[in-house]
DNA sequence: TTTATTGATTACCTTTTGGTAACTGATTAC
DNA sequence: GTAATCAGTTACCAAAAGGTAATCAATAAA
């Protein structure tokens with residue numbers, strides 16, 4: 003048997019990578035949860051997450067908006083206000099977050115001793 | 003209401019981050035699945051994943067071993083062989099991978115049209 | 001008039017990550 | 001003797017990510 007048969011692992015890995023690209027990274031989930039909790043305005047979100055810079059927040063909000071996990075509404079008040087909120091699609095992440103949390107808690111026990 | 007009450011989102015985020023640190027990144031899951039499928043030796047794993055460099059593989063295997071997701075066994079044959087295998091702990095990732103895959107598939111539909 | 005706030009953008013720099021190629025010592029095949 | 005394979009390591013360089021600070025126009029308060 004010279005050559006190995008390979009399972010089609012790409013049909014699993016591609017969507018897994020999609021998910022990790024969308025919610026992975028240092029700030030994405032932090033920002034999502036801040037907005038989820040009710041922080042609506044740029045500065046409000048910025049102040050709610052220590053060490054998060056303006057530049058990175060602006061970029062991450064764009065990414066999240068492109069993935070329909072954040073909606074950006076322009077409010078035409080005296081000073082133009084921008085309102086960020088989570089979407090119906092964001093709520094579908096609940097299960098993902100819980101699964102990652104549960105595995106992480108179990109893993110921590112495994113690694114740092116029972 | 004000047005100050006907001008904040009939920010304890012850290013009790014969720016810390017274990018979620020743990021999980022993402024362990025299986026996130028460009029190569030970790032790819033390597034894990036390659037070994038899972040039966041690739042046992044360093045060069046064998048390296049060749050099974052296009053574009054993966056020796057240096058990165060060596061580093062990632064160390065990380066995965068530190069997290070008990072890969073076991074490294076030295077076989078004292080004529081040329082010393084090293085055998086990599088997945089562990090019982092690796093198998094507990096099945097559920098996580100499936101959850102990420104399912105969300106990713108659903109997300110793809112959402113973003114790239116119904 | 002000066003200062004502060006709003007939601008950002010830009011230039012610049014540092015840190016992290018990743019990739020290339022050469023090389024290690026041991027062994028086996030030619 | 002020469003070449004190749006094993007499991008890596010090392011030095012060097014390039015790309016990506018991330019942080020800092022200044023700046024923007026609009027408005028409102030002091």
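Residue numbers (my numbering), protein chains in the order written: chain C, 3 to 116; chain D, 3 to 116.
C-beta: ideal position from N, C-alpha, C; glycine also.
is_contact[residue i, chain D] using C-beta, thresh 7 Å
i, result
"residue 26 (chain C)", "yes"
"residue 12 (chain C)", "no"
"residue 98 (chain C)", "yes"
"residue 35 (chain C)", "yes"
"residue 52 (chain C)", "no"
"residue 103 (chain C)", "yes"
"residue 21 (chain C)", "yes"
"residue 76 (chain C)", "no"
One or two residues paired with residue i in a DSSP bridge
i, result
"residue 85 (chain D)", "D:75"
Inter-residue spacing [alpha-carbon to alpha-carbon] between residue i and residue j
i, j, result
"residue 78 (chain C)", "residue 85 (chain C)", "11 Å"
"residue 40 (chain C)", "residue 101 (chain C)", "23 Å"
"residue 17 (chain C)", "residue 16 (chain D)", "24 Å"
"residue 106 (chain C)", "residue 91 (chain D)", "12 Å"
"residue 6 (chain C)", "residue 74 (chain D)", "Note that residue 6 (chain C) scores a pLDDT of 42, beneath 50, so its modelled location is shaky; the value from the coordinates is reported in the next line. Near 22 Å, if we compare the C-alpha coordinates of residue 74 (chain D) and residue 6 (chain C)."
"residue 49 (chain D)", "residue 55 (chain D)", "9 Å"
"residue 4 (chain D)", "residue 83 (chain C)", "Because the pLDDT at residue 4 (chain D) is just 36, under 50, the model does not fix this residue reliably, and the value given afterwards should be weighed accordingly. Distance between the alpha carbons of residue 4 (chain D) and residue 83 (chain C) is about 19 Å."
"residue 11 (chain D)", "residue 76 (chain D)", "43 Å"
"residue 13 (chain C)", "residue 99 (chain D)", "12 Å"
"residue 45 (chain D)", "residue 53 (chain D)", "13 Å"
"residue 19 (chain C)", "residue 115 (chain C)", "30 Å"
"residue 89 (chain D)", "residue 57 (chain C)", "41 Å"
"residue 111 (chain C)", "residue 111 (chain D)", "36 Å"
When the options are compared against residue i, the one with the closest alpha-carbon
i, options, result
"residue 81 (chain C)", "C:110, C:15, C:34 and C:43", "C:43"
"residue 95 (chain C)", "C:13, C:31 and C:19", "C:31"
"residue 62 (chain C)", "C:109, C:103 and C:37", "C:37"
"residue 27 (chain D)", "D:14, D:59 and D:112", "D:59"
"residue 65 (chain D)", "D:47, D:45, D:24 and D:57", "D:24"
"residue 51 (chain C)", "C:68, C:71 and C:29", "C:29"
"residue 69 (chain D)", "D:13, D:21 and D:14", "D:21"
"residue 47 (chain D)", "D:87, D:115 and D:109", "D:87"
"residue 104 (chain D)", "C:93, C:109 and C:97", "C:97"
"residue 72 (chain C)", "C:49, C:34 and C:114", "C:34"
"residue 67 (chain D)", "C:19, C:11, C:113 and C:14", "C:113"
"residue 109 (chain C)", "D:109, D:93 and D:108", "D:93"
Contact test: residue i Cβ vs the ligand ADP heavy atom, cutoff 6 Å
i, result
"residue 49 (chain D)", "What this structure holds is no ligand at all, so the ligand ADP is not there to describe."
Short CB-CB distance (under 7 Å) between residue i and chain C
i, result
"residue 29 (chain D)", "no"
"residue 5 (chain D)", "In this predicted model, residue 5 (chain D) has a pLDDT of only 38, less than 50, meaning its place in the structure is not dependable; the value taken from the coordinates is given anyway. For residue 5 (chain D), the answer is no, since every Cβ of chain C falls outside 7 Å of its Cβ."
"residue 81 (chain D)", "no"
"residue 112 (chain D)", "yes"
"residue 89 (chain D)", "no"
"residue 58 (chain D)", "no"
"residue 115 (chain D)", "no"
- Could you pull out every unbroken alpha helix (DSSP H) segment of at least 4 residues lying fully inside the stretch 15-61 of chain D, listed in chain order? 30-38 and 44-50
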